[in-house]
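So the structure is just underneath, and the comments pick up after that.
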Amino acid sequence: MGNQQEAGGEMKQLMKRLMVITLVVLSIIVLLAIGVSIFIHNELEKRTHERISYYQSIKSVLLLNFDSDSENKLKADRKKFDYGGISIYYHDNFSEILPLTKETIDWAKAKNRELFGDIKERHVDLIVFEDREEMSEFADLPDISGFYSDFDRLMAINYSNKEYILQKNETQLYFFQKSILHEYTHYIFQRMVDKSKEGISAYPTWFNEGISEYVGNDQTTVEYSISKVVPFDQLHDGTQWQEARNQEGTNVYEQSYFAVKYLIDAFGTDTLKQIIQTTNQTGDFETSFKEATGIPTSELETKITQMQ
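Numbering (this note's numbering), first residue to last: 15 to 322.
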C-alpha cells in the first residue's frame, strides 16, 4: 500500500514537472513569436516608409505579399481584370488594349516555358500606368518603363500612344509588349530561385536583366549599338547597375541581352536552366556558370565585343 502511495506521489510530481516544462516552452514560443512579429513589423515600416498595423504585418507574412497603402490606393482607382493568375489594374482608357495585353501575357508564359519548363506560379498583380512619372514615384526608381517587385508581388508597366498601339505601329507595339514580356520574366525568375540556398542575391543583376531582355526581345532583331562594355564583375548588384547605366557610352541592358543571347546561341537553350539549377543548390553563381559553359563570366566581355 505504501509503495502504491509513493508511486502515485512520484507520478503527480512528474506530471507537475511536465506541466511546468510545457508552460515554460510555450512561454518561450510565444515570446519568440512576439519578438519575430515586432521585428517583421519594424522592417516592413522601414522598407515601405509607411505606418502599418501589426495585422498588416502578420497578413503579409502569411500571404507572402505586402500591400502598401500607396498600392491599395492605386488599385482602388482602377478597374480590375483577372487573367492567367494575374490581376490587371487599369484605367478606362486602357480597356481597348486588354485583348492585346492577354495575348502578350500568353506569349510571355509560352516563351518562359520554352526556356525553363513548367514553373510553379503564384498570383501576381499587374498595375498599368499611363503616367510614367507616377510609376517612377511609386517604384522610387528613376527613368523606368516598368518594374517587378517580389516584395509587393506586383509588376508594373507604362504605356503611351494608345492609338498607335491599337494600330500595331511597329515601334509603339514593340515597347508595349516588351515591357510585359520583360517584367513577367523577372517574376518567373524569382519563382525559380524562391527556395534556393541564397535566393535572388546569388545572381548578378546582369544575368537577371539579360534573361528578361532576351525574352523581351523575342522575335525581334536587336542591332548592336554598344560603344563601351562594362566588366561583368561591376554589374553584380543594383547599385553597380544604376552607376553603370549612367556612364557615357554604356547600355547595360543591351550588353546583358547579348551576353544571354551568346550563351543560348553557343551552348543551347538548356544552358540558362542548368546555371540556375546548379546555383540554386550551391549558392555559387560563378562556379555554376563555368561548369555549364566552360568559360568564366569575364570572357563574356570579349565575346560581346566580337558580336559587332
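C-beta atoms are modelled at their ideal positions from N, C-alpha and C, and glycine is treated no differently.
Test item: CB-CB of residue i and residue j under 8 Å
i      : j      : result
Thr307 : Thr285 : yes
Tyr97  : Ile119 : yes
Leu155 : Glu85  : no
Val229 : Ala122 : yes
Lys287 : Asn231 : no
Lys176 : Asn107 : yes
Ala153 : Phe165 : no
Ile309 : Val243 : no
Thr264 : Ala216 : no
Ile225 : Phe203 : yes
Leu88  : Ile141 : yes
Tyr201 : Val138 : yes
Thr311 : Phe246 : yes
Tyr276 : Leu314 : yes
Asn172 : Ser159 : yes
Glu135 : Gly99  : yes
Trp220 : Leu249 : yes
Tyr103 : Lys116 : no
Residue range of the unbroken alpha helix (DSSP H) whose run includes residue i
i      : result
Lys116 : Leu112 to Phe130
Gly252 : Gly252 to Arg259
Gly160 : Here Gly160 belongs to no alpha helix (DSSP H); instead the beta strand (DSSP E) covers Gly160 to Ser163.
Ile171 : From DSSP, Ile171 is part of no alpha helix (DSSP H) but of the beta strand (DSSP E) over Leu168 to Asn172.
Ala90  : Asp83 to Ala90
Asn107 : No alpha helix (DSSP H) contains Asn107, which DSSP labels as neither H nor E.
Lys134 : From DSSP, Lys134 is part of no alpha helix (DSSP H); its letter is neither H nor E.
Glu237 : Careful: Glu237 lies outside any alpha helix (DSSP H) and carries neither H nor E.
Met321 : Unbroken run through Met321: none, as it is neither H nor E.
Asp298 : From DSSP, Asp298 is part of no alpha helix (DSSP H); its letter is neither H nor E.
Gly230 : Thr219 to Gly230
Leu187 : Glu184 to Val207
Phe281 : Val266 to Phe281
Selected residue, minimal CA-CA separation from residue i, among the options
i      : options                           : result
Glu212 : Thr311, Asn107, Leu168 and Phe299 : Phe299
Ser101 : Gln191, Arg127 and Tyr198         : Tyr198
Arg205 : Ala90, Thr253, Gln186 and Gly131  : Gly131
Arg262 : Thr234, Ser312 and Ile240         : The residue asked about is misnamed: residue 262 is Glu in this sequence, not Arg. When each option's Cα is compared against that of Glu262, the closest is Ile240.
Ala124 : Thr293, Leu195 and Phe152         : Leu195
Asn222 : Thr235, Asp251, Glu237 and Val243 : Asp251
Glu144 : His137, Ile42 and Ser174          : Ser174
Thr185 : Val38, Thr234, Lys26 and Met33    : Thr234
Ser210 : Gln291, Glu227 and Val274         : Gln291
Ser270 : Ala280, Asn260 and Trp255         : Trp255
Gln322 : Gly297, Phe272 and Lys304         : Phe272
His105 : Asp83, Gln320, Arg92 and Ile289   : Arg92
Thr253 : Pro218, Leu28 and Lys304          : Pro218
Ile278 : Pro113, Phe303 and Leu28          : Phe303
Thr295 : Phe281, Gln320, Ala280 and Ile214 : The question names Thr, but residue 295 in the sequence shown is Gln. Nearest C-alpha to Gln295: Ile214.
Bounding residues of the beta strand (DSSP E) (the contiguous stretch that carries residue i)
i      : result
Asp154 : Element bounds for Asp154: n/a, residue is neither H nor E.
Beta-bridge partners of residue i, as assigned by DSSP
i      : result
Tyr97  : Ile100
Asp145 : According to DSSP, which records beta bridges pairwise, Asp145 is partnered with nothing at all.
Asp139 : Ser101 and Leu168
So, do the stretch 138 to 152 and the stretch 177 to 188 have three or more beta carbon pairs nearer to each other than 8 Å?
Contact fails: fewer than three Cβ-Cβ distances are below 8 Å.
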